[in-house]
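Here's the structure, in structure tokens; my notes come after.
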Amino acid sequence: MVDTSCVKPNRLINSKSPYLLQHTCNPVDWRPWSVEVLEEARASGKPLFISIGYSTCHWCHVMARESFSDLKVARVINEYFIPVKVDREEYPDVDSFYMTYCMATIGRCGWPLNIIATPSGEPFYVMTYVRRDDLIWILAQLANVWYSSERSNAESVAREAIGSLKMIWSPRPEDILSIDVINLAYLELYNSYDPAYGGFGRAPKFPLPHILMFLLRYWARSRDLEAAKMVFRTLDYMITGGIHDIIGGGFHRYSVDSRWLLPHFEKMLYDQALLLYVLSDAYKVCSDETYRWVSLKLIDFVNREMRDKSGGFYSAISAESGGMEGLYYTWTTSELKSIVGDDDYRIIARLFNLSDRGNYKEEHTGRFNGRNILYIGLPLREVASIHGLSLGELLDYIDKLSIRLLKARSSKPKPEVDYKILTDWNGLMMAGLAKAYQAFRVEKALDMAESLARFIESNMMLDNRLYHSFIDGEAYIDGYLSDYSYLAWGLMELYESNFNEKWLELSLNIVDSIIENFWVESSSIFRFKSKSGLTSDVIDPHDSMIPSSYSVASYVLVRASRYTGEPRYEHIAEKSIRSIGGLIKSTPSSFTFTLSTLDYIIGPSYEIVIAVDSLSSEVESIISDINSRYRPNSIVLLLKSQSSKLRDLAKYTKSMIALGGKPTIYVCKNRVCDLPVTGYEGLKIVLGEAPRINKSIVDVS
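Sequential numbering of the sequence shown, starting at 925, is according to this note's numbering.
Below, the structure written as structure tokens:
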């Protein structure tokens, strides 16, 4: 937990956010973001100093130590500005508003994000991390501008900034509902792909699982092996790079180098969720046991270290412990020798490229520091062959080693955990767990997804409202588009795992709420926030580290249309894509999840209805077979004889019954239904063999 024991805590002391609580002992007189703060600023005439970050952000911690704990910095800020701290995970609308300004102004942005704004919140200066002395000088210059005749210049810059932001968030309609823009996105990705180590673009490299999802869809449509190879090589090198915690499971946020070796060590819930999802789909395509192994370790990790006893999942784990980034995850050679003994050390020294001087250079010093990341650096199947082992033998060895190293690691200072439970990221986790159950039939994954759904239903959905954040037994902050759309996605995946109609009905209710609260008919866009205010113009169409809430909203509407047979959902989704068509056409690869939705709309797509009188082992075999196939543009309904609710939700199923008492499969392709077939053998006839890739005979290099 965050230590807030100090002589004179500031106004953040009553905050719920762990990030804000980290700053309660700063001499800077921080206020939490609120409407009241803007009113205070207007009354005082002081500009706002807005600092945005998150609890697991390494450079946020550095700036807090160097600058915000410094008395001279605090005097300047407190005297001339109204200082405001914002947790970007609590207020993603505020973060998006000012991040868009940063990108439009200086281009390369990140956190901490520091903005100087008028008392109304209109930005006129932005910076990210800066050193203490530079910060003092910059703030002094800006104060001189504001408290002089030059204030009108700053106000003019702020007005122009607001005008520019409104233009950025304005619809740019263009009819792009064709395969051409999907092909253009693929070509952009092909040209930015790193053929040596996978991933896209230059360092730093992020996992970007939504791009991998798009490429799997592209392979399924085109049978272009290069698309699948890009997915496999990226996953293979991430798995054996330092970005993957090969001992404890799970993935770090990103790699500072092109080989995935040196990560920034924070672990974000959304990365675990979406990488679990894409690993599960990749396994369906190629049956590589490595992907199953990594997925199960990831599930164990989030269950052990990121799951609350209530069933919800925490948002992140910090990169730092003991005042050092990565200390928890890195080792000296003497530490490792004392844990595993000389014989095993000789093996792991070769396996993990260990060195007494360390096997990586610190990002900020460029020097070796005597510590080692446990990375392998080659795909595991290749490594097994080099060591004369089968893949299974290598994985067993790493599992046994992990037990000893995890026990030793538990005695180290632990990184702080951000205990916020966020609806949107938990919706993604639900989708990942449900998808993993579909691929691997691991009951633990399904149990965790069901428990999570019950937690959200009981704690985040109150008085017909969905809340964004939960901590210390209380839900707070009204839900954003991301909360509604990601949760609807997770519930749809959960329904197709356990076929409990309750979760399908709830997902469809949430889809209706998306239309009611976020759809703007006049401009055919989804806005990010339902209420009016400074950030009400924000829309979120571009994918970034994760799929945009806008793109997922379009996706769940298309899926809702296929579940229910109601065309209005898909019509809205189509309009939402057309309204940003100009943006998509300019940089298609920035909209891969929207293009995955477009791929669904174009088809081929499938509605698969299994009508049964009762559940049986044959029904389970049919469901397991369907779920094991990679068929992305499809939905599955399980229609039990007593399923009056499902027949009401999906009216086109009313005449679909089990024939002759046997499980009967109805398949509709592109909304045209084939004749029903019965039993497991009938399934094979109507669906055919699922396309697969044998990685052992395909060169993924």
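Quick reminder that beta carbons are idealized off the backbone N, C-alpha and C, glycines included.
Proximity below 8 Å, CB of residue i to CB of residue j
i: residue 1358; j: residue 1366; result: no
i: residue 1456; j: residue 1464; result: no
i: residue 955; j: residue 1008; result: yes
i: residue 1237; j: residue 1383; result: no
i: residue 1516; j: residue 1135; result: yes
i: residue 1193; j: residue 1166; result: no
i: residue 1239; j: residue 1013; result: yes
i: residue 1214; j: residue 1171; result: no
i: residue 1079; j: residue 1024; result: no
i: residue 953; j: residue 934; result: yes
i: residue 1413; j: residue 1369; result: no
i: residue 1109; j: residue 1513; result: yes
i: residue 1523; j: residue 989; result: no
i: residue 1420; j: residue 1362; result: yes
i: residue 1410; j: residue 1467; result: no
i: residue 1199; j: residue 1133; result: yes
i: residue 1391; j: residue 1435; result: no
i: residue 1628; j: residue 1587; result: The structure shown does not extend to residue 1628, since the chain spans only 925 to 1625, so no value can be given for it.
i: residue 1282; j: residue 1295; result: yes
i: residue 1628; j: residue 1085; result: The shown model of the chain, from 925 to 1625, leaves out residue 1628, and the question about it has no answer.
i: residue 1506; j: residue 1157; result: no
Contacts around residue i, its chain only, beta-carbon distance under 6 Å, and the 5 residues preceding and following it disregarded
i: residue 1497; result: 1478, 1481 and 1482
i: residue 1004; result: 1067
i: residue 1038; result: 975 and 1051
i: residue 1241; result: 1191, 1339 and 1341
i: residue 1305; result: 1315
i: residue 1326; result: 1171
Own chain partners of residue i with C-beta closer than 7 Å, once the 5 adjacent residues on each side are dropped
i: residue 1224; result: 1173
i: residue 1064; result: 1000
i: residue 1452; result: 1017, 1020, 1404, 1405, 1462, 1463, 1464 and 1473
i: residue 1030; result: 1050
i: residue 957; result: 1008, 1010, 1015 and 1018
i: residue 1250; result: 1189 and 1243
i: residue 1045; result: 962, 972 and 1458
Supposed close pair residue i, residue j - CB separation, criterion 8 Å
i: residue 1284; j: residue 1263; result: Actually they are not in contact, since the Cβ atoms of residue 1284 and residue 1263 sit about 20 Å apart, beyond 8 Å.
i: residue 1252; j: residue 1331; result: No, residue 1252 and residue 1331 are not in contact; Cβ-Cβ is about 14 Å, not under 8 Å.
i: residue 1518; j: residue 1501; result: 6 Å
i: residue 1131; j: residue 1181; result: Not really, about 14 Å apart at Cβ, beyond 8 Å.
i: residue 1011; j: residue 936; result: Not quite, the Cβ-Cβ distance comes to about 10 Å (not below 8 Å), so this is no contact.
i: residue 894; j: residue 1402; result: For residue 894 there is no data in the structure shown, the boundaries of the chain being 925 and 1625.
i: residue 1682; j: residue 986; result: Here the chain has residues from 925 to 1625 only, and residue 1682 is not among them.
i: residue 1125; j: residue 1161; result: Actually they are not in contact, since the Cβ atoms of residue 1125 and residue 1161 sit about 15 Å apart, beyond 8 Å.
i: residue 1528; j: residue 1593; result: 6 Å
i: residue 1448; j: residue 1499; result: 4 Å
i: residue 1055; j: residue 997; result: The Cβ separation is near 11 Å, so there is no contact.
i: residue 1591; j: residue 1610; result: 5 Å
Sequence-distant residues of the same chain with beta carbon closer than 8 Å to residue i, five excluded per side
i: residue 1429; result: 1569 and 1573
i: residue 1127; result: 1179, 1180, 1181 and 1182
i: residue 1364; result: 1204, 1207, 1216, 1219 and 1220
i: residue 1291; result: 1285
i: residue 947; result: 934, 936, 954, 988, 992 and 1009
i: residue 903; result: Only positions 925 to 1625 of the chain appear in this structure, which leaves residue 903 out of reach.
i: residue 1460; result: 1451 and 1453
i: residue 1328; result: 1263 and 1264
i: residue 994; result: 951 and 1056
beta-carbon residue i near the ligand PLP non-hydrogen atom, thresh 7 Å
i: residue 1011; result: The ligand content of the structure shown is nil, which means the ligand PLP is not present either.
Query - contact_flag[the region 970-981, the region 1328-1346] where n(CB pairs < 8 Å) is 3 or more - result: yes
Report task. Run through the region 1496-1579 for me and flag every whole beta strand (DSSP E) of 3 or more residues, listed as ranges in chain order. Result -> 1530-1536 and 1558-1564
Report task. Pick out the complete alpha helix (DSSP H) segments inside the region 1090-1149, 4 residues or longer, and give them in chain order. Result -> 1103-1116 and 1133-1146
Query raised in the report: Quick one: complete alpha helix (DSSP H) runs, 4+ long, within the region 1357-1418?
Result: 1367-1383
Requested in this report: Please specify which runs of the alpha helix (DSSP H), each continuous and at least 4 residues long, are wholly inside the region 1025-1101, giving them in chain order.
Outcome: 1056-1070 and 1075-1092
Requested in this report: Entirely within the region 1246-1323 and at least 4 residues each: give me those alpha helix (DSSP H) ranges in chain order.
Outcome: 1257-1275 and 1304-1310
Query raised in the report: Counting pairs of beta carbons, one from the region 1603-1618 and one from the region 1141-1155, are three or more of them closer than 8 Å?
Result: yes
Requested in this report: Would you mind listing the alpha helix (DSSP H) stretches within the region 926-973 that are 4+ residues and don't spill past its ends, in chain order?
Outcome: 942-945 and 959-968
Query raised in the report: With a cut-off of 8 Å, do at least 3 Cβ pairs link the region 1315-1330 to the region 1374-1388?
Result: no
Report task. Inspect the CB distances between the region 1594-1613 and the region 1578-1585 and report whether three or more fall short of 8 Å. Result -> yes
Query - Three or more C-beta pairs below 8 Å linking the region 1129-1148 and the region 1090-1101 - result: no
Query raised in the report: For the region 968-1009, which segments carrying the beta strand (DSSP E) assignment without a break, of at least 3 residues, lie completely within its bounds, in sequence order?
Result: 972-977
Query raised in the report: Contact between the region 1266-1280 and the region 1200-1218: three or more CB pairs below 8 Å?
Result: no
Requested in this report: Give a yes or no on contact between the region 1108-1125 and the region 1520-1534, applying the rule of three or more CB pairs nearer than 8 Å.
Outcome: no
Query - Complete runs of the alpha helix (DSSP H) confined to the region 1180-1233 [at least 4 residues] - result: 1193-1210 and 1213-1225
Query raised in the report: At what residue ranges does the region 1433-1488 contain a whole run of the alpha helix (DSSP H), taking only runs of 4 or more?
Result: 1473-1488
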